[in-house]
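In the working numbering, the protein residues as written are 32 to 915.
The beta-carbon is built from N, C-alpha and C at its ideal position, and this holds for glycine as well.
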DNA sequence: AACGGGAGCGCG
DNA sequence: AAAGCGCGCTCCCGTT
């Protein structure tokens, strides 16, 4: 077979209880003639040790014992050839427990494949217990396989410890289908109660079909339903089949509502435990109007204890409780399978959720700072975001329709222009190239998706790349990570051909239409979107948002102002001003930054002016602006720069607008420099950034000097960077000011690898980003508490900003309070946070992205009050005129 | 037919 | 040799 070692032997005691069987020798093993010594082998040994199994007591071998050609996965024939040998070894070693690593040993010894389904499920044959799990090489390739892999080894260890197949859990499943069972359940609802829902969709609202969908004949979706409710107590797991199609004795709607009301009364006195309870609480609120908020959520607990790994209930019971896998498929969860399997699954979910609460509770007790974040921020946010999602965000649907038409026209225009360039050719899908249209019969072009010849699809980067660089023969400017010629915006901006402009227009309009207008429609219910916020969505503590993502709405007012408030209410957006820079100032103790903030100087502006001063750029503009603002002549460049720093960006931008000087752009550019250098950007990237965003071609030397100058200006930053890097290397984690941990195992390697360096940069960024987010969340929690839903709704957060819907008569009061709370939330006291840098917030009133500050807003209100109607008003007296 | 990765691009 | 961080959505395309 072309390998060095033929029929490689296993290693370990020739008679032992435990055997581990891998796939086949790799190159390393083949060379040395010993199995399990490469990266995969090491992973297995470490994993065994971690699970409490000494690898030296195991007999370790492979299912195929010669290295297959080119290190390929062994074929069935090769497996068959070696099977006799492996079985021989099993007879000699006489193991009681055999761990099978991947498909190959599973096929060899159990006779079937499909490791994804089979893993974690022990099988007993001829008195031997086989446990299949992933092959370590797969775990090395795909980090998502790590959790199930360690879970399987934990189960393997449990089987060895207990001396046989794992005992069934002490479940006590009660199907609640009679008055006596209901009474039994209600009596038992006390103390710690877990609950969980199975639903037939993730979005709890029925969404009407759009006209487009109706026209295209899509099937009418199922009505959104809660399939079942499960409750877990110390004694039992109660299953309530609210809408399971196989339920032989269904409840009437009245009975359901009545039952939920009775449970609700009991739940008020319980300690409620959930796994991702934000989901279940939202559904209960939408479908039954009850507020079943958790006191303890196991998903969020695991998230705060280990932000890096998966938090799904699929693996946590296996990892922390040595459970066997018990997941069923999605269709079964929606009620499309057998009832007994469904009931068992539902029971285990609440059983294990309740058990995990105690495990994670203990783990949280070991780190009071982390526990405080969990209790004071994460858990309160569950309620806050259930309400935010329930309420939703209001959309100006009339204008949305207009914008849709406008964008479609834009796309059509761009396509007409683009097609002018490509009219002579068609795309040949077999050769991935363009051929002369005349050589192809018209009837052969794009008949269906499978046709060999297709019209050029401008949305395909593969086709576009071939068109630009093979057909038009334009020079390749950059390649993508995957090696294909790039057609990105950055490249197109540097492409010297008229087609580039049309492509950019096409892409921009296409993106806005598909991602935002079309993308929103399927979530639109009574003019509102109900995005889902993930409290566990990022490794830093920020939230993520999806379905749709409110946090990526373009700043383009065309799109952003579609998000607004309904009549009688007004949108207020409030954000923490330059918050990350302020936190960096605080954490680094940088004297220049702290002094700037103490004096109320805008740091992005400061950086901009210093950079201009250093490079000697924009001399005329600087002096002209200062002359105009001070009404004095004869400024030197240096003095003018200092004066401009003192004056600040607001005044400069205003007068710049009149004089045609882009001070606003200048500040924006500096903002990117600040963030870039602050978080470890290198001068090379700065050069690229300057080119792509501002069309400025600076030299390498200039780029290097700008970086040097930056750290001369903020000269305490490098020491802070080094502190963070060292902490990550030594401790394996860094913390934010609220106590959140960012675990960085890659930094511990300290081997200068790309991953290690990336981890060190994360050690700098994480505490900053994380604390900024926590301030924002603290303020949101407090403002929700201070103002009830009769006057204020939080509709979402965007990292350092909060979006509110405020009742019109409360705008002034709430606006002022928002700014106070955001600049110092009361939770600072609980966390004993005292900052030396001032925190400031800004807010704007009106549709998102087009709001104004309070003063401007007031000025707009006056005419409405001062000018009484000529005729007596028909409107009821006392009702104020609507704003906006 | 469903899934997953890559490319590209929207945001803070 | 490599050196901002953190996300989600749409599309295409290859894979199962």
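Scanning the segment 582-664 from its first residue to its last, the whole alpha helix (DSSP H) runs of 4-plus residues come out as 588-591, 610-619, 622-629, 634-646, 650-661.
Under the three-state reduction of DSSP, residue 340 is assigned to coil, being neither helix nor strand. By the Cβ neighbour-count rule, residue 224 is buried, with 16 or more other Cβ atoms within 10 Å of its own. Between the alpha carbons of residue 533 and residue 446 lies a gap of roughly 8 Å.
Using a Cβ distance threshold of 7 Å, residue 683 and residue 666 do not count as a contacting pair.
Distances from the CA of residue 769 to each of 425, 795, 809, 662 were compared; the closest alpha carbon is that of 809. Rounded to the nearest angstrom, the gap between the Cα atoms of residue 862 and residue 766 is 14 Å. Under DSSP, residue 305 takes part in a beta bridge, and its partners are 328. The three-state secondary structure of residue 545, taken from DSSP, is helix. Looking at the backbone, the Cα of residue 796 and that of residue 387 are separated by about 32 Å.
Contact between residue 867 and residue 747 does not hold, since their C-beta atoms are separated by about 13 Å, which reaches or exceeds 8 Å. Bounds of any beta strand (DSSP E) do not take in residue 712, whose DSSP letter is neither H nor E.
Assigned with DSSP and collapsed to three states, residue 34 falls in coil, not helix or strand. Every unbroken stretch of the alpha helix (DSSP H) spanning 4 or more residues and falling wholly within the segment 838-895 is given here in chain order: 842-854, 858-861. Boundaries for residue 772: no alpha helix (DSSP H) harbours it, while the beta strand (DSSP E) harbouring it runs 772-774, taken from the DSSP string. As a beta-bridge residue in DSSP terms, residue 458 pairs with 465, 485. Bridge partners of residue 216 according to DSSP: none are assigned. Judged by pairs of C-beta atoms under 8 Å, the segment 491-509 does not touch the segment 402-420, as fewer than three such pairs exist. Residue range 223-230 is occupied by the beta strand (DSSP E) that includes residue 227. Unbroken alpha helix (DSSP H) stretches of 4 residues or longer found wholly inside the segment 145-195: 146-149, 167-172, 177-193, given in chain order.
In the DSSP annotation of this structure, the continuous segment of the beta strand (DSSP E) that includes residue 132 starts and ends at 128-132. The alpha-carbon of residue 826 is positioned some 26 Å away from that of residue 338. For the pair of segments examined, the segment 226-235 was found not to touch the segment 393-400: the number of CB pairs separated by less than 8 Å stays below three.
In this chain, the beta strand (DSSP E) harbouring residue 269 covers 268-271. Shown here, residue 381 sits in a helix according to DSSP, grouped into three states. Note on residue 812: 16 or more other CB atoms within 10 angstroms of its CB, so buried under the neighbour-count rule. Taking residue 174 as the centre and dropping the five residues before and after it, the same chain places no C-beta closer than 6 Å to its C-beta. Contact between residue 383 and residue 348 holds: their C-beta atoms lie close to 4 Å from each other, under 8 Å. About 28 Å separates the Cβ atoms of residue 634 and residue 602, ruling out a contact at the 8 Å cut-off. Rounded to whole angstroms, the gap between the alpha carbons of residue 57 and residue 177 is 21 Å. For residue 89, the enclosing beta strand (DSSP E) stretches over residues 89-93.
Contact check between the segment 777-793 and the segment 577-592: fewer than three CB pairs, one atom from each, fall below 8 Å, which does not count as touching. Residue pairing by DSSP puts residue 576 in a beta bridge opposite 564. When only Cα atoms are considered, residue 502 and residue 476 end up about 19 Å apart.
Secondary structure note for residue 206: its beta strand (DSSP E) is the uninterrupted segment 204-206. For residue 82, same chain residues with a beta-carbon under 7 Å away, outside a window of 5 residues either side, are 184, 185, 187, 188 in chain order.
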